[in-house]
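Engineer: Chains as they are written, first to last, in my numbering: chain F, 11 to 254; chain H, 23 to 464.
1. Skipping 5 residues on each side, what residues in its chain have a beta carbon closer than 8 Å to that of residue 436/H?
2. Please identify the residue among 312/H, 73/H, 375/H whose C-alpha is closest to the C-alpha of residue 340/H.
3. Nearest by alpha-carbon distance to residue 295/H: which of 445/H, 345/H, 262/H, 459/H is it?
4. Give me the subset of the stretch 127-158 of chain H whose CB atoms are less than 9 Å from a CB atom of chain F, sorted by chain position.
5. Just to confirm the assignment, what range does the alpha helix (DSSP H) spanning residue 233/H have?
6. Is the shortest distance between the beta-carbon of residue 119/H and the beta-carbons of chain F less than 8 Å?
7. Residue 115/H to residue 209/F, Cα distance in whole Å?
8. Provide the residue span of the alpha helix (DSSP H) that contains residue 154/H, from first to last.
9. Could you work out which residues of chain H lie near residue 187/F, taking near to mean beta carbons separated by less than 7 Å?
10. How long is the line joining the alpha carbons of residue 241/H and residue 124/H, rounded to whole angstroms?
11. Nearest-angstrom Cα distance between residue 297/H and residue 457/H?
12. Strictly under 8 Å for the Cβ-Cβ distance: is residue 464/H near chain F by that measure?
13. Using DSSP with H/G/I as helix, E/B as strand and the rest coil, what is residue 8/F?
14. Along the stretch 98-111 of chain H, where does the CB come closer than 7 Å to a CB of chain F? Name the residues.
15. Pull the bridge partners of residue 99/F from the DSSP assignment, please.
16. Indicate whether residue 371/H and residue 360/H have their beta-carbon atoms separated by less than 8 Å.
17. Tell me the rounded alpha-carbon separation between residue 214/H and residue 95/H.
18. Could you tell me whether any Cβ in chain H is nearer than 8 Å to the Cβ of residue 75/F?
19. So is residue 240/F buried or exposed if we call it buried at 16+ other beta carbons inside 10 Å?
20. How many Å lie between residue 67/H and residue 118/F at the Cα?
21. Taking C-beta to C-beta, are residue 95/F and residue 56/F nearer than 8 Å?
22. Given a cut-off of 8 Å, decide if residue 253/H and residue 443/H are closer than it, judged by their beta-carbon atoms.
23. Tell me the DSSP secondary structure of residue 21/F in three-state form.
24. Whole beta strand (DSSP E) runs in the stretch 206-245 of chain F with 3 or more residues, listed along the chain?
25. Using a C-beta to C-beta distance shorter than 7 Å, which residues of chain H count as neighbours of residue 154/F?
26. Give, in chain order, every residue of the stretch 32-53 of chain F whose Cβ lies closer than 8 Å to some Cβ of chain H.
27. List the residues of chain F that residue 325/H touches, going by C-beta distances under 7 Å, in chain order.
28. Which same chain residues end up closer than 6 Å to residue 180/F when comparing Cβ atoms and leaving out the 5 residues on each side of it in sequence?
29. Among 41/F, 81/F, 17/F, 156/F, whose alpha-carbon lies nearest the alpha-carbon of residue 254/F?
30. Beta carbons nearer than 9 Å to chain H: which residues of the stretch 195-212 of chain F have them?
31. Can you look up residue 286/H in the DSSP assignment and give me helix, strand or coil?
32. Keeping to the same chain, check which residues put their C-beta closer than 6 Å to that of residue 186/H; ignore five residues upstream and five downstream.
33. Relative to chain H, which residues along the stretch 219-232 of chain F have a C-beta separation below 9 Å, given in chain order?
34. Taking 7 Å as the limit between beta carbons, can you name the residues of its chain near residue 34/H, skipping five residues before and five after?
35. Which residues of chain F have a Cβ atom closer than 7 Å to the Cβ of residue 71/H, listed in chain order?
36. Which partner residues of residue 272/H appear in the DSSP bridge assignment?
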């Protein structure tokens, strides 16, 4: 029983539900409990590359710290007991609680999102959305084709940069490259549209109509999926209770 | 399979017909449909697997029966269970990541029972001698391998007919020959219709031939084997000689050895070698290292930076553009977007850009891929005109018939450039074979 094996649609729905619920909690303890609880569940029921997890976490950690800082310094003037003075601003208890709530909420959101993204195979997620979420095969297979398009687009982009550099466009620094992007959009789009049309023809010629079809890869729903989902919901319940 | 009587077809936005008065019966066997670009052969092809008229709102008149039923009585995708299709471009006909997933995609479309799928996949791969590819990622395969997988994906649905649209257009001669031999072996029980403007590559594969000229049937009868188009060497007058040095280049998967290229003004140079031998990489290095080299990429559209023809020609310098624009026949399109031009016009615009930026050497990367004879003749004229004006022209190609126009040759083999050779190269059987340039027919 791991989060990797969990049915992606159920996982997605549970995680979304928790995030939605978190948005209504105005105390610092609930998000903190959710954050810690998510980490514990992730350690117990998944096999996550913690280095990747850490890297993904970095920008959000900064966001959280930023939120904390700005709320403390530029927070609304509130009455109440002054805890300490920061750059001439009186910081009240209320200010501190609000700042902690907001920044911990950022962390809890991130932990939940990473729980989903780092344990979900995108292909399996799309299959599952098709089978449990009744997603139309037309949309699902557009996503699959999209996956294939990434390397092709990247290759095309590199080629455009190369040939444009040969024509004397200044492309030495990263900034030059970014500044040149608007000139690349039209050729890149023109190429992609042609490719997309060809792939569409090829799919239809192979009998793809977007109508219901057979499936080889069955993403089942098992008892374990409900168990893991309940664990997450219990975690949320406990966290709310801690908050009160 | 197909019965057409007085069949005509036109696109909704155009008045002229693409196909006119086609009366044709396709019967079992191996049929070649040939004709120049714009002769309507690709349109006819798309009518055969019912991609048209539905997907282009084209207007069909006359009778068109597929498997004894009129084309308009079929539901979408229905006829595709009986007709398998392989397209020209190896890079834009796959949906999934791996070969196995791709094969399963066809089976899922045809609603094959789930427990039958794996046996079907194993069987077709064994039949086509492709078992080793089962778990390979399609993106990493070579062009020839991708085309074989495309055939497998078509045949796994057990079609009665197999349609192929210029499947060799992007393959080198050796790979093409091997693909044809392989298809000859594996397509014993299925009927085949192939669109090809260069039937020579297929040897004696066909038993029937239909030739289209301007949307009408010009010939319909037994296949007549004929030699490829021929190009004769251009006579060159050489001027001053320059030496270009291309340094060593090491990439993750590929090493390019350092090389020297001796270039005379007014010379015409061909660089030959297998797909993936490093020709394009070498050419890019050459252009990067030397300001005097102007590179025309395989799709000339990559070169264009601005949004109209005259600005494109004027980019990066202050010289007058009027004369060259008119000489290249681009005057009427001066305000058009470069990407809206035809392939031939794009190529001419690319050459105009090179002429105006005073490049000494114009280097074409695969200008012949997917081009028919008329387009090649136009390319030939352009090249001759350039060398007469004292510029040097260099091109990389797979087209051995077209390569004959060159005066000097270089060969590329696994990152090593050798040369120069003169036209006596064509008598050196072993050398040609080592570079994958020998066709068994010749």
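Even for Gly, the Cβ is constructed at its ideal location relative to N, Cα and C.
Structural biologist: According to the structure shown:
1. For residue 436/H, where only same-chain residues beyond five positions count, the Cβ hits under 8 Å are 299, 300.
2. Closest option to residue 340/H, Cα to Cα, is 375/H.
3. Ranking the options by Cα distance to residue 295/H, first place goes to 459/H.
4. Of all residues in the stretch 127-158 of chain H, 127, 128, 129, 130, 131, 132, 133, 134, 135, 136, 139, 140 have a Cβ within less than 9 Å of some Cβ in chain F.
5. For residue 233/H, there is no enclosing alpha helix (DSSP H); the residue is found in the beta strand (DSSP E) stretching over 230-235.
6. Chain F, which has a Cβ nearer than 8 Å to the Cβ of residue 119/H, makes this yes.
7. One C-alpha to the other measures close to 5 Å.
8. Judged by DSSP secondary structure, residue 154/H falls outside any alpha helix (DSSP H); it is assigned neither H nor E.
9. One finds nothing in chain H with a Cβ atom closer than 7 Å to the Cβ of residue 187/F; even the nearest lies about 14 Å away.
10. Their backbone Cα atoms lie some 38 Å apart in a straight line.
11. For residue 297/H and residue 457/H, the gap between their C-alpha atoms comes out near 10 Å.
12. Unreliable positioning characterises residue 464/H in this predicted model, as indicated by a pLDDT of 41, which lies under 50. A coordinate reading is not provided.
13. Chain F is shown only over 11 to 254; residue 8/F falls outside these bounds and no answer can be derived.
14. Residues 98, 99, 102, 103, 107, 109, 111.
15. In the DSSP assignment, residue 99/F is bridged to 96/F.
16. Yes, Cβ-Cβ distance for residue 371/H and residue 360/H is below 8 Å.
17. Looking at the two C-alpha atoms, the distance is approximately 24 Å.
18. Chain H contact via Cβ: absent.
19. Per the 10 Å Cβ criterion, exposed.
20. Distance between the alpha carbons of residue 67/H and residue 118/F: 57 Å.
21. No, the pair does not count as a contact, with Cβ atoms beyond the cut-off.
22. The answer is no: Cβ separation not under 8 Å.
23. Assigned with DSSP and collapsed to three states, residue 21/F falls in helix.
24. Runs of the beta strand (DSSP E) spanning 3 or more residues and lying entirely within the stretch 206-245 of chain F do not occur at all.
25. Ordered by position in chain H, the residues that pass the 7 Å Cβ test against residue 154/F are 117, 118.
26. Flagged: no residues at all.
27. Residues of chain F passing the Cβ test: 173, 177.
28. Shown here for residue 180/F: same chain residues with a beta carbon closer than 6 Å to its own, the five before and five after excluded, namely 186 in chain order.
29. Considering only 41/F, 81/F, 17/F, 156/F, the residue with the shortest C-alpha distance to residue 254/F is 41/F.
30. Of all residues in the stretch 195-212 of chain F, only 196, 197, 200, 201, 204, 205, 206, 207, 208, 209, 210, 211, 212 come within less than 9 Å of chain H when Cβ atoms are compared, listed by chain position.
31. Secondary structure of residue 286/H (DSSP, three-state): strand.
32. In its chain, beyond the 5 residues on either side, 108, 216 have a beta carbon closer than 6 Å to the beta carbon of residue 186/H.
33. Of all residues in the stretch 219-232 of chain F, 219, 220, 221, 222, 223, 224, 225, 226, 227, 228 have a Cβ within less than 9 Å of some Cβ in chain H.
34. Cβ neighbours of residue 34/H beyond the five flanking positions: 79, 80, 81.
35. The contacting residues are 215.
36. 277/H, per the DSSP bridge assignment.
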